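Student:
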Amino acid sequence: MWGDWGEIPRSGLSYAALHNAVFAFLAKRFATFLATLFAASVLTFVALEVLPGDPARVILGVDAPDSAVAALRQRLGLDGPPLERYLDWIGHLARGEFGVSYTYSVPVIELVRDRLQVTVPLALLSMALAAALALGLGLYAAAHHNRRGDVVVMGLSQLGISIPSFWLSLLLILAFAVSLNWFSSGGFPGWRNGFGPALAALVLPAVALATVQAAILARFIRSAVLDTMREDYVRTARAKGLSANATLWRHVLRNALIPVVTILGLQFANLLAGTIVVENVFALPGIGRLVLQAINNRDVVVVRDVVVLIAAAVIVINFVVDLLYAAIDPRLRARDV
Amino acid sequence: MTLAVENLSVTLATARGPLAAVRGLSFTLGRGESLGIVGESGCGKTMTALAIMGLLPEGAEVGGRIVWDGQDLLSLADDAMGRLRGRRLAMVFQEPMTALNPVQTIGDQIAEALLVHDLADRVGAMREAVALLERVGIADPERRVRGYPHQLSGGQRQRAMIAMALACKPDVLIADEPTSALDVTVQQQILGLIRSLAAERGMAMLLISHDLAVVAGNVARLLVMYAGRGVEWGETAQMFGALAHPYAQGLFRSAPARALTATTRPRRLPTIAGQVPDLVTLGEGCPFAERCDLVEEPCRSRMPEWQALAPEHRVACRRAEESLRRWKP
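If you read the protein sequences in the order shown, they are chains L and X. Straight run, no breaks: the first sequence in my numbering ends on number 337. Straight run, no breaks: the second sequence in my numbering ends on number 1329.
#1: Keeping to the same chain, check which residues put their C-beta closer than 7 Å to that of Met1126/X; ignore five residues upstream and five downstream.
#2: So, under 8 Å CB-CB, Ala35/L and Val307/L are touching, yes? Tell me the CB distance rounded to an integer number of Å.
#3: Assuming Asp329/L contacts Tyr102/L under a Cβ cut-off of 8 Å, what Cβ separation, rounded to an integer in Å, is found between them?
#4: Which residues in chain L have a C-beta closer than 8 Å to the C-beta of Met1164/X? List them in chain order.
#5: Using only CA atoms, which one of Phe1027/X, Leu1003/X, Asp1121/X, Ala1060/X lies nearest to Ala1013/X?
#6: For the beta strand (DSSP E) holding Pro164/L, just list the boundary residues, first then last.
#7: Just reading off the beta strand (DSSP E) that Glu1235/X is part of, what are its end residues?
#8: For Arg254/L and chain X, any beta-carbon pair shorter than 8 Å?
#9: Any contact of the region 160-172 of chain L with the region 275-286 of chain L, i.e. 3+ C-beta pairs under 8 Å?
#10: Cβ closer than 7 Å: which chain X residues qualify as neighbours of Asp54/L?
#11: Check whether the Cβ atoms of Leu1223/X and Leu1084/X lie closer than 8 Å to each other.
#12: Listed from N- to C-terminal order along the chain, which residues in the region 313-331 of chain L have their beta-carbon within a distance smaller than 7 Å of any beta-carbon of chain X?
#13: In whole angstroms, what is the alpha-carbon distance linking Ile90/L and Ala27/L?
#14: Starting from Leu1029/X, follow the beta strand (DSSP E) in both directions and report where the run begins and ends.
#15: Pair every Cβ in the region 190-207 of chain L with every Cβ in the region 113-130 of chain L, then say whether three or more of these pairs are closer than 8 Å.
#16: Quick one: is His144/L near chain X, going by C-beta distance under 8 Å?
#17: Kindly indicate if chain L contains any beta-carbon less than 8 Å away from that of Thr1179/X.
#18: Run down chain L in chain order and give the residues with a C-beta less than 9 Å from the C-beta of Val1123/X.
#19: Name the two residues that bound the continuous beta strand (DSSP E) containing Ala1336/X.
#20: Spatial neighbours of Ile8/L within its chain, please: C-beta separation below 7 Å, excluding the five flanking residues on both sides.
#21: By Cβ distance, which residues of its chain are closer than 8 Å to Ala1316/X, with the 5 residues on each side in sequence left out?
#22: In chain order, what residues of the region 1096-1127 of chain X put their CB closer than 7 Å to some CB of chain L?
#23: DSSP three-state call for Met1303/X: helix, strand or coil?
#24: Give a yes or no on whether the C-beta atoms belonging to Ser1254/X and Pro1270/X are separated by under 8 Å.
#25: Have a look at Gln1158/X and Asp1176/X and give me their C-alpha separation to the nearest angstrom.
#26: Could you compute how far the alpha carbon of Leu209/L sits from the alpha carbon of Gly265/L?
#27: Under the rule that 16 or more other beta-carbon atoms within 10 Å means buried, what is Glu1322/X, buried or exposed?
#28: Can you check whether the C-beta of Asp150/L is within less than 8 Å of a C-beta belonging to chain X?
#29: Do the region 209-219 of chain L and the region 131-140 of chain L meet, that is, are 3 or more Cβ pairs less than 8 Å apart?
#30: For Arg1085/X, go through chain L and note every residue whose CB falls closer than 9 Å to its CB, in chain order.
#31: If you measure from the beta carbon of Tyr233/L to each beta carbon in chain X, is any gap under 8 Å?
#32: Assuming the contact rule is C-beta atoms closer than 8 Å, Gly1024/X and Ser1009/X should be a hit. Round their C-beta distance to whole Å, please.
#33: Which term fits Asp1121/X, buried or exposed, when burial requires 16 or more other beta carbons within 10 angstroms of its beta carbon?
#34: Would you tell me roughly how many angstroms separate the C-alpha atoms of Tyr1247/X and Glu1290/X, rounded to the nearest one?
#35: Tell me which residues share the same chain as Arg1318/X and place their Cβ nearer than 7 Å to its Cβ, disregarding the 5 neighbours each side in the sequence.
#36: Is the Cβ of His92/L closer than 8 Å to any Cβ of chain X?
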């Protein structure tokens, strides 16, 4: 779809003007990216400053002598004024240098690299599950608008939205791990020991995460499809002789996806946060579990670096969503760049 | 192949109860003929067109018969109707800005009409789309087939809609207010295009408009509708010489073009006193009775019978003679 940029002049833009417009667009997006990261870093730093609990005291234990704690504080660089420590931190971040974890004595970037091998596949798997399920249910409900099928699907969706993911995780473990013994109840064997077992370990957590997302998404898809079915061009398609089903697939769906993509992007960002709970229930060594353990251990270096990385990931996802808009809707390709 | 609408009724479900959008409407449209349906918004013009196409909104109840090519279209299943839609009966809609799919190219949308009815393969359909765009007067059609609707002006979009409707060489073209959303300068071009294409291809044409001026010069016969009923029909020239229904006269007098040419200085447009009746509570009498200055008591209780004023001119009015006497075209 990007290939036809050169073939059809859009709104009379010349090639050079188009390149300038694209450059201005990317520059603007990059500035927003930096501003958002700055805000995220300030918030994270302040939150960790006011959080009770001294990292040095946590590391050395409650019985350690005050002098030893003070010495460790100095060694960890915790005794300087807050502004100085903040500038020191983002100065290193800007140069791409991440901190070293107090508890693991390993560079944060290495911790993250290992954990991403769990969290990214988990998020992708649950998003794919949620999208497939929601698409089927949403389309079915819209096609059976105000009839029994619609009511049943919407009822199920309400139920799905209401179930907390940690509780659903426990139910899934009871049913599919304890009673049926189809899946293990937790833990992660790692990708090196074979694709199958690793994927199997992610199935139940992915279902737990996907259920809520699918329930929300199905509602959005249903109403987006219903709105689109009222459009004049849908009647035009029917007047050409297309059946109701062919019209739904060829004309309604792609237009209905435009608002749905927004929700999809937000949900993916949400999923990254949602993994904190589910990864803990299933004892998966992912990003979410890393953050939670780091907070408990007052491993400030890990928490602040990972939070900024997650913020960056969310911004990148939003950018991808914007590109998706342009792929779906030709009107946006010329106008906004 | 004659399209015969017989005693058509369309009732829509509303929150206030059933709304009689069309009541007891009958007309015929022979091969290659042209008929204009005129009336104001809500008189049932569009519902009549949608009933013929089998595209009435969900929950609409339809009665009577629409006979075409020996079969009653109202009794056809949706897939059988789908084979006629676009192929034998085509329709151009009012709003060119919203009637085209914004995320598909113009060429894909025109080619789809041919592909749905298996009249061409993909390459052939695209080639035909280019030829159609050229025929409806769109410049640079090879480039435009790859363009999207938002890159075209309103007039160009309506031309593309016409190209789409013509793709399968239909027998009947229904044009519902095809120019109402367009600039006045573009209106006559589009109407001229539709008329010449209909003549060139021997298509029957049903032209629907609220504007007598739009319809008058472009159709051989005219049907005036009011509040869901036909009130007068005839040959266009004959009718304008002897417009007999009080509503039809009022519609003619309130047309802006006439008000401007009647005197050198613009004057206030004449209007029809009163309001369109509520179609939910409307009774069995003449729907125009409450606004008619010639009304008699029987008008309110029973719909008047059709009277012949000439071999091809009929009016449904009890006071047609008195009304006709005061008509000055």
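The beta carbon of each residue, even a glycine, is placed where N, CA and C say it ideally should be. Keep in mind that this is a model prediction, so the values were computed, not measured.
Tutor: The answer reads as follows:
#1: Gly1107, Ala1111, Val1145
#2: 16 Å between Cβ atoms; not a contact.
#3: Actually they do not touch by this definition, with Cβ atoms about 48 Å apart.
#4: Thr236, Lys240
#5: Ala1060/X
#6: Here Pro164/L belongs to no beta strand (DSSP E), and DSSP marks it neither H nor E.
#7: 1229-1235
#8: yes
#9: yes
#10: Here the premise fails: no neighbours, minimum Cβ distance about 57 Å.
#11: no
#12: Ile328, Asp329, Pro330, Arg331
#13: 21 Å
#14: 1017-1029
#15: yes
#16: no
#17: no
#18: Those within 9 Å of Val1123/X in chain L number zero; the least Cβ separation is about 18 Å.
#19: In this structure chain X extends from 1001 to 1329, so residue 1336/X is not present and cannot be described.
#20: Note that Ile8/L scores 43 on pLDDT, short of 50, meaning its location in the model is unreliable; the coordinates nonetheless yield the value given after this. Excluding residues within five positions, none has a Cβ falling inside 7 Å.
#21: Arg1229, Gly1230, Val1231, Glu1232, His1245, Cys1286, Met1303, Pro1304, Glu1305, Trp1306, Gln1307
#22: Thr1098, Ala1099, Leu1100, Asn1101, Pro1102, Val1103, Glu1112, Ala1113, Val1116, His1117
#23: coil
#24: yes
#25: 12 Å
#26: 15 Å
#27: exposed
#28: no
#29: yes
#30: Arg238, Ala239, Lys240, Gly241, Leu242
#31: yes
#32: 6 Å
#33: exposed
#34: 11 Å
#35: Glu1296, Pro1298, Cys1299, Pro1304
#36: no
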